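Comments concern the structure below.
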DNA sequence: AAGGAGCGCAACCGCCATACC
DNA sequence: AGGTATGGCGGTTGCGCTCCT
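Numbering (full-length UniProt numbering), first residue to last: 1 to 209.
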């Protein structure tokens, strides 16, 4: 048995928000704030929505200064390097990108950025196969079934082997990180002394909870 | 022109951490 | 100190749109 749900699911509306609901939620929060209680909010406004749903809608869509889509190359780089450093901590990554939400970044990573990187890796695989007469093929296909981070590691390993001056292997090209993350990376590096900068940051066991 | 496949995004679900009583 | 409520987060799902055949 799990814990009780946060609201009565039978009396709660689900699915896409209507413009009227958006307007009601936005107007209320702009006037009164959240009151520190999302669960009570829908009743106060008269919305048949779960408090969590209201919170999500506000944070991901209605909040002022939210940017949607149109990720820049620089943002791509920040997301990649942070993902390499800390994994799927989307809220931390979002904190580095003003106007971006964790949900947006998560979606962007899962639907596009990951494919972009893995697409490059596929090409790298092909060229590695050429140069090794296919000897590595089995280990590569095994690796394809492991975690995304491991795949990313492989990709970066290949990149750094093939191009020592690539983005991933050149810390000077990495975007500026929050001091907290700089510190985290430094401690990871000290734990994993001796390998390339990339691998020092991509520690599969050091950040997964 | 139609329909199937793939993609992108909004929203939901469930778990964990923390606050509160 | 223990139980419950709430907030926050990451993973997943489902729907609508676009593209391809």
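Backbone N, C-alpha and C define an ideal beta-carbon position, used for all residues, glycine too.
Since the model is a prediction, treat every value here as computed from it, not as a measurement.
Residue i, enclosing alpha helix (DSSP H) - first and last residue
i	result
residue 11	Here residue 11 belongs to no alpha helix (DSSP H), and DSSP marks it neither H nor E.
residue 90	90-95
residue 19	19-32
residue 108	102-108
residue 44	41-45
Residue closest to residue i, alpha-carbon to alpha-carbon, out of the options
i	options	result
residue 62	114, 47, 101, 82	101
residue 23	45, 38, 40	45
residue 51	27, 68, 31, 13	13
residue 57	80, 90, 19, 77	19
residue 25	11, 42, 35, 91	42
residue 103	116, 49, 79	79
residue 212	53, 68, 116	Since the first and last residues shown for the chain are 1 and 209, residue 212 lies out of range.
residue 87	54, 114, 34	114
residue 55	90, 35, 89	35
residue 17	60, 111, 68	60
Residue i (DSSP reduced to helix, strand or coil)
i	result
residue 52	helix
residue 79	helix
residue 111	helix
residue 58	helix
7 Å Cβ cutoff met for residue i and residue j
i	j	result
residue 105	residue 93	yes
residue 71	residue 28	no
residue 47	residue 21	yes
residue 74	residue 97	no
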